[in-house]
Amino acid sequence: MTPDRLQGLTREERTSLCREVVEQLSDYLDGSAQEDFCRRVEAMLQGCQPFEAYRDTLAATIELARRCKEPAGDDLDDVYERSVEIVRKRLQVDDR
Amino acid sequence: MDDEKLLQAIIDEEPGAFDEFVRRYGRRLMAFSVRTCSNIDNAEDVFQDTLLKAYQALGDLREPKALRTWLYRVAANNCRMMRRKDRAPRQISLEDYKPPGWEDGELIEVADWSDPPDDAAGRSELKQAFEHGLAELPAEYRMVLLMRDVEGMSTKETAEALEIGESAVKMRLHRARMALRHHLAQYHEQLAEDAEVPA
Numbered sequence: 002m003t004p005d006r007l008q009g010l011t012r013e014e015r016t017s018l019c020r021e022v023v024e025q026l027s028d029y030l031d032g033s034a035q036e037d038f039c040r041r042v043e044a045m046l047q048g049c050q051p052f053e054a055y056r057d058t059l060a061a062t063i064e065l066a067r068r069c070k071e072p073a074g075d076d077l078d079d080v081y082e083r084s085v086e087i088v089r090k091r092l093q094v095d096d097r
Numbered sequence: 020m021d022d023e024k025l026l027q028a029i030i031d032e033e034p035g036a037f038d039e040f041v042r043r044y045g046r047r048l049m050a051f052s053v054r055t056c057s058n059i060d061n062a063e064d065v066f067q068d069t070l071l072k073a074y075q076a077l078g079d080l081r082e083p084k085a086l087r088t089w090l091y092r093v094a095a096n097n098c099r100m101m102r103r104k105d106r107a108p109r110q111i112s113l114e115d116y117k118p119p120g121w122e123d124g125e126l127i128e129v130a131d132w133s134d135p136p137d138d139a140a141g142r143s144e145l146k147q148a149f150e151h152g153l154a155e156l157p158a159e160y161r162m163v164l165l166m167r168d169v170e171g172m173s174t175k176e177t178a179e180a181l182e183i184g185e186s187a188v189k190m191r192l193h194r195a196r197m198a199l200r201h202h203l204a205q206y207h208e209q210l211a212e213d214a215e216v217p218a
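Protein sequence lines, in the order shown, are assigned to chains A and B.
The numbering of the first sequence is the numbering used here, which starts it at 2 and goes up by one.
The numbering of the second sequence is the numbering used here, which starts it at 20 and goes up by one.
Have a look at this one:
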């Protein structure tokens, strides 16, 4: 499936563009990519469902990481409290 | 109280300074240690050592605004020390996680699972899949992803904390995200397969 705006490109040109876009997709999603690169990404997106899905699922991965602040584990609170107390004693601070 | 005042309170040994320090950074450093070590016993040691070393050395910190970056540098170095006996660090190759069809410049079908689950059980399972994927990343990539995406640090802060260049941060972050995306794609693929199996 070739996006309309890429129809005139050779296979090598499409491969090169595709590789460049995929390799720098994080910069694009983070808003730190240069303007002309963003334009190339937009060109890739025109009518290309697989690339849209790839971009959207990478963006969803990043969003999930941002939401998952706490690691899983039932006993982490106990470990945390115990560790803080151990350090408090070692530092000999008792200022609660 | 901002970091500058907190730092001064610690240096002056003011009552409550340790608790404020722990309240502000303790949970985050614990979460970072647990996920970086992938082993609760090691994580406990790393967390305690980080708190202890950091608190004792805070007076030497020249730039109070860099407190958070400096704390993560101490934690990252402790994690590296803990893992020093590990075999040679694994690298992530972009080739392993490229979208299907990119060699030909024509991507083939990619499943779109970007909408989050709308039920609590689905969200909980997705979080588990995320944790598994995170644990499978090589530690140096995992630390970058944790600092940038989970802790919300900038590229510059992450580079300073890990004592690597900003371009290395960007490269590792992108590869870590792609590897994690690949893991989540496999999870969603399995979900779809399970849904097709008749009860």
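Virtual Cβ for every residue (Gly too), placed ideally from N, Cα, C.
Under 8 Å between C-beta atoms, does L164 of chain B make it to chain A? Indexing the second sequence from 1 puts residue 164 of chain B at position 145. True, the Cβ-Cβ gap to chain A drops below 8 Å.
Three-state secondary structure (DSSP) at L10 of chain A? Locating residue 10 of chain A in the first sequence gives position 9, where the first residue counts as 1. Three-state DSSP puts L10 of chain A in coil, outside helix and strand.
Answer yes or no: does any C-beta atom of chain A fall closer than 8 Å to that of V41 of chain B? Here residue 41 of chain B is taken as the residue at index 22 of the second sequence, counted from 1. Yes, because at least one Cβ of chain A sits closer than 8 Å to the Cβ of V41 of chain B.
Could you work out which residues of chain B lie near V23 of chain A, taking near to mean beta carbons separated by less than 8 Å? To locate residue 23 of chain A, count along the first sequence from 1; it is residue 22. Near V23 of chain A (Cβ distances below 8 Å), the residues of chain B are L113, K117, P118, W121.
What span of residues does the alpha helix (DSSP H) with Q232 of chain B cover, start to end? Because residue 232 of chain B is not part of the residues shown, which for chain B are 20 to 218, the question remains open.
So the alpha helix (DSSP H) N253 of chain B belongs to, where does it begin and stop? Nothing in the structure corresponds to residue 253 of chain B, since chain B is present only between 20 and 218.
Give the secondary structure of V41 of chain B by DSSP, where H, G and I count as helix, E and B as strand, and everything else as coil. Residue numbering aside, residue 41 of chain B sits at position 22 when the second sequence is read from its first letter. In the structure shown, V41 of chain B sits in a helix (DSSP, three-state: H, G or I).
Tell me, to the nearest whole angstrom, how far the beta carbon of D22 of chain B is from that of P83 of chain B; I am working on the premise that it is less than 8 Å. For the purposes of this step, residue 22 of chain B is taken as residue 3 along the second sequence, with counting starting at 1. For the purposes of this step, residue 83 of chain B is taken as residue 64 along the second sequence, with counting starting at 1. With a Cβ gap of about 5 Å, D22 of chain B and P83 of chain B count as contacting.
Do A130 of chain B and A54 of chain A have their beta-carbon atoms positioned less than 8 Å apart in this structure? As a position in the first sequence, residue 54 of chain A is number 53, starting the count at 1. As a position in the second sequence, residue 130 of chain B is number 111, starting the count at 1. A contact, by the Cβ cut-off of 8 Å.
V163 of chain B beta carbon less than 8 Å from that of V188 of chain B: In the second sequence, counting from the first residue as 1, residue 188 of chain B sits at position 169. In the second sequence, counting from the first residue as 1, residue 163 of chain B sits at position 144. In this structure, V163 of chain B lies closer than 8 Å to V188 of chain B by Cβ.
C-beta atoms of A180 of chain B and M166 of chain B nearer than 8 Å: Counting from one through the second sequence, the residue named residue 180 of chain B turns up at place 161. Counting from one through the second sequence, the residue named residue 166 of chain B turns up at place 147. Yes, they are a contact pair.
With a cut-off of 8 Å on the beta carbons, I'd call F66 of chain B and S27 of chain A a contact; round off their distance for me. By one-based count along the second sequence, residue 66 of chain B stands at place 47. By one-based count along the first sequence, residue 27 of chain A stands at place 26. Not quite, the Cβ-Cβ distance comes to about 29 Å (not below 8 Å), so this is no contact.
Does the beta carbon of V42 of chain A come closer than 8 Å to any beta carbon on chain B? If you number the first sequence from 1, residue 42 of chain A lands on position 41. With 8 Å as the cut-off, V42 of chain A does not count as an interface residue toward chain B.
Helix, strand or coil for V23 of chain A, going by three-state DSSP, please let me know. Position 22 of the first sequence, counted from the first residue, corresponds to residue 23 of chain A. Note: V23 of chain A maps to helix in three-state DSSP.
Extent of the continuous alpha helix (DSSP H) run through R167 of chain B: Indexing the second sequence from 1 puts residue 167 of chain B at position 148. That residue, R167 of chain B, is in no alpha helix (DSSP H); it is neither H nor E in DSSP.
Using CA coordinates, which residue listed in B:K24, B:D38, B:H201, B:A214 is at the minimum distance from E114 of chain B? Against the second sequence, residue 114 of chain B aligns to sequence position 95. Minimum Cα distance to E114 of chain B is reached at B:H201.
Mind listing the chain A neighbours of A2 of chain B? Cutoff is C-beta to C-beta under 7 Å, in chain order. Only positions 20 to 218 of chain B appear in the structure, and residue 2 of chain B is not among them; the question remains open.
Considering only the alpha carbon of each residue, which of B:E33, B:N97, B:F40, B:P34 lies closest to E63 of chain B? Within the second sequence, residue 63 of chain B is the residue found at index 44, counting from 1. Out of B:E33, B:N97, B:F40, B:P34, B:N97 has the C-alpha closest to the C-alpha of E63 of chain B.
Runs of beta strand (DSSP E) lying entirely within the stretch 124-165 of chain B, each at least 3 residues, in chain order: none
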